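Trainee:
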Amino acid sequence: MMMITQGGDEAVLHILNRTRELYRRRIQETAIVDQLDSIFVECAITEAQPLGHEPTSSTDLNGTRERVTADAHGNSILEKSVLV
């Protein structure tokens, strides 16, 4: 009987460790998706603004300030992604 209990405890610990690992991975994936969503929104806002308007800036999840602008040829980030 002791053997069954010990095996059961090990199985429970294994499941708990696996669950913890999956939870951490899901949290990281969610943060990455949120960051990509934020970048896409900034690109869309920049595309919608009239020429000559000051580009917007944003702060990402790490506190880094970013500006979304066109390149030296006046092509937008969204244009580049469509052309590639």
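Residue numbers (the UniProt record's numbering): 1 to 84. Backbone N, C-alpha and C fix where the C-beta goes; we use that ideal spot for every residue, glycine too. Note that this is a predicted model, so its numbers are computed, not measured.
In whole angstroms, give me the CA-to-CA distance for Q28 and D34.
Mentor: Near 10 Å, if we compare the C-alpha coordinates of D34 and Q28.
Trainee: At the level of alpha carbons, what is the spacing between I39 and L16?
Mentor: Spanning the two alpha carbons is a distance of roughly 35 Å.
Trainee: Rounded to whole angstroms, what is the Cα-Cα separation between I32 and H14?
Mentor: So the alpha carbons of these two residues sit roughly 27 Å apart.
Trainee: Nearest-angstrom Cα distance between Q49 and V41?
Mentor: So the two alpha carbons sit approximately 12 Å from each other.
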